[in-house]
Amino acid sequence: MNTSIVAIVGRPNVGKSTLFNRLVQRRDAIVDSVSGVTRDRHYGKSDWNGKEFSVIDTGGYAIGSDDIFEEEIRKQVELALEEADLIVFVVDVEQGITPMDTEVAKLLRKVKKPIFLVVNKVDNAMRENDALEFFNLGLGEYYTISSINGSGTGELLDAMAIKMPEPEETDLESEELPRFAIVGRPNAGKSSFINALIGKDRNIVTDIAGTTRDSIDTKYNRFGFDFNLVDTAGIRKKSKVKEDLEFYSVMRAVRTIEYSDVIVLMVDASRGFESQDQNIFWLAEKNKKGVVILINKWDLVEKETNTMRDYEAAVRKEIAPFTDVPIIFTSVLTKQRIFKAIETAVAVFESRKKRIPTSKLNDTMLEIIQQNPPPAIKGKYVKIKYCMQLPTPTPQFAFFANLPQYVKDPYKRFLENKLRDIFDFNGVPIIIYFRQK
Ligand code: GDP
Ligand code: GDP
1 MNTSIVAIVG RPNVGKSTLF NRLVQRRDAI VDSVSGVTRD RHYGKSDWNG
51 KEFSVIDTGG YAIGSDDIFE EEIRKQVELA LEEADLIVFV VDVEQGITPM
101 DTEVAKLLRK VKKPIFLVVN KVDNAMREND ALEFFNLGLG EYYTISSING
151 SGTGELLDAM AIKMPEPEET DLESEELPRF AIVGRPNAGK SSFINALIGK
201 DRNIVTDIAG TTRDSIDTKY NRFGFDFNLV DTAGIRKKSK VKEDLEFYSV
251 MRAVRTIEYS DVIVLMVDAS RGFESQDQNI FWLAEKNKKG VVILINKWDL
301 VEKETNTMRD YEAAVRKEIA PFTDVPIIFT SVLTKQRIFK AIETAVAVFE
351 SRKKRIPTSK LNDTMLEIIQ QNPPPAIKGK YVKIKYCMQL PTPTPQFAFF
401 ANLPQYVKDP YKRFLENKLR DIFDFNGVPI IIYFRQK
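Below, the structure written as structure tokens:
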């Protein structure tokens, strides 16, 4: 686990969303517009000085009375405290300290996690002086920034990066067990699946104690496979915060997914693949995790000759362009394909670690490239000379060419599909780079 979760908290209009956009540069953001709040919540992924992190803008409530504000913001802060690794508390230099800021500061002072007090809207030097009053919040040092013009955000990121763990040295030879996360919407059948998997006798081998955070791994031995289940029901009930389930499930999903190798996404067949499912799938892809989709409660679906084929095609349409993912039709109730589901998750885990020897890769790929070279652009021909799999924890490939900048996405996709056909990366996101030879 080496991705930190950063939560942005603060009252409405201080500039949280603006800061969020700066931090992730809108690169990989999703907007959780399904939640029943007046404002969207944002989740994004970014990196700074080699440290990867996720940012969650806890959103805000644009309308409502001050009482509502206070209650909602308290919840928001409590959630952040529980789930995040770093907390960015944003205040507004134009407004100065408000009673709500004082309230939030009081909550934050009790916490052991790194807290960054950020005074926003310091757009010019004069406002630096105005920022001084924020020492009175009792949170110590603060960072002055202007989210709108970007000044100060580099220093803030530098300071945050120092508090994030070093990137993991990934030892590919190590006998690390697969970490599976069973995720999906409420009622998809996750708990039933986990119970079916681990059985009444609960073949728990050990509880692996977490280091800096709660233990969320539990080791199992089932059907001849050893694996860890991440974030099973037992951990869920630890939460103190019950109210904001929607947000909680987003936070939880983010954390669970980042901690896992393979995401088993359970979908309720009687409801179909919904936008929440898509969000989870997207998160898994962005985090380069393996994915297996289970269409559960298959027993409830009335079947005709092509029902399964048509259903599968509809799901693949929803997940395009990442369609090379196993989809398994299960019924936890009748135990249909439960073993298959785990077997597939193990296979995806193995594929995700797969290393293709350079000679084999070049033998096959260069031949394909010769038969289907990239299209010439403005009379210039791209020559691909060599390729290799990079020594990264998940599959990434570099192709070396004379004019790498001329290779466009469709051709990259063509190569990716060939790699998938030949070497079988079903369920595994892969990345292709072009580099100058
Ligand atoms: P949120 O409710 O905390 O997410 O705040 P927003 O990001 O929506 O920003 C609220 C308002 O403050 C918007 O009108 C922004 O344009 C403005 N704002 C955000 N950051 C800055 C800043 O650094 N300087 C100034 N002057 N305005 C800002
Ligand atoms: P969770 O919220 O995702 O953990 O879902 P649960 O495991 O609690 O299941 C929700 C409901 O769906 C329960 O009533 C289960 O008995 C039922 N359920 C789970 N899997 C199946 C299945 O494969 N078929 C049918 N018919 N019902 C199921």
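Counting from 1, one number per residue, gives the positions in the sequence shown under the UniProt record's numbering. Cβ atoms here follow ideal geometry from the backbone N, Cα and C, with glycine treated the same way.
Can you grab the Cα-Cα spacing for the pair threonine 38 / isoleucine 384, in whole Å? Confidence at threonine 38 is low in this model, with a pLDDT of 37, below 50, so the placement of that residue should be treated as unreliable; the coordinate-derived value is given next. The alpha-carbon of threonine 38 is positioned some 51 angstroms away from that of isoleucine 384.
Give the DSSP-derived three-state secondary structure of asparagine 417 in the structure shown. DSSP, reduced to helix, strand and coil, places asparagine 417 within a helical segment of the structure shown.
By how many angstroms is the C-alpha of serine 191 removed from the C-alpha of alanine 233? Only weak support exists for where alanine 233 lies, its pLDDT of 39 falling under 50; the coordinates are left without a value.
Considering only heavy atoms of ligand 2, does any lie closer than 7 angstroms to the CB of lysine 303? No; taking the cut-off as 7 angstroms, the Cβ of lysine 303 has no heavy atom of ligand 2 nearer than that.
Name the residue from Ala161, Glu133, Lys163, Glu128 whose alpha carbon lies nearest to the alpha carbon of serine 146. Minimum Cα distance to serine 146 is reached at Glu128.
Residue of Gly150, Glu416, Glu82, Met126 minimising C-alpha distance to phenylalanine 20: Nearest C-alpha to phenylalanine 20: Gly150.
What are the residues that DSSP puts in a beta bridge with threonine 102? According to DSSP, threonine 102 bridges with nothing at all.
Would you tell me roughly how many angstroms separate the C-alpha atoms of glutamate 367 and methionine 388, rounded to the nearest one? If I take the Cα positions, the gap works out to 14 angstroms.
With contact counted as at least three CB pairs below 8 angstroms, one residue from each stretch, are the region 334 to 347 and the region 290 to 305 in contact? Cβ pair count under 8 angstroms is three or more, so yes.
Specify, as a first and last residue, the run of the beta strand (DSSP E) that methionine 266 falls within. Per DSSP, the continuous beta strand (DSSP E) segment holding methionine 266 begins and ends at 262 to 268.
So for arginine 316, helix, strand or coil by DSSP? Note: arginine 316 maps to helix in three-state DSSP.
Return yes when the C-beta of lysine 190 is under 7 angstroms from any heavy atom of ligand 2, and no when it is not. Result yes, Cβ under 7 angstroms from ligand 2.
Cβ of alanine 284 within 8 angstroms of Cβ of valine 230? Taking C-beta atoms as the reference points, alanine 284 and valine 230 fail to come closer than 8 angstroms.
Looking at the strands, I want to know which residues DSSP matches up with leucine 117. DSSP, once it has assigned bridges, lists Phe89, Tyr142 as partnering leucine 117.
Please state whether DSSP places glutamate 164 in a helix, a strand or coil. As written in the sequence, residue 164 is methionine, which differs from the glutamate given in the question. It is coil, neither helix nor strand.
Check this for me: beta carbons of lysine 286 and aspartate 261, under 8 angstroms apart or not? By the CB criterion at 8 angstroms, lysine 286 and aspartate 261 fall outside the cutoff.
For valine 122, report the span of its beta strand (DSSP E) as first-last. Careful: valine 122 lies outside any beta strand (DSSP E) and carries neither H nor E.
Relative to ligand 1, is the shortest distance from any of its heavy atoms to the C-beta of isoleucine 148 smaller than 7 angstroms? Indeed, a heavy atom of ligand 1 lies less than 7 angstroms from the Cβ.
Backbone CA spacing between aspartate 268 and glycine 184 [nearest angstrom]: Those two C-alpha atoms are separated by around 9 angstroms.
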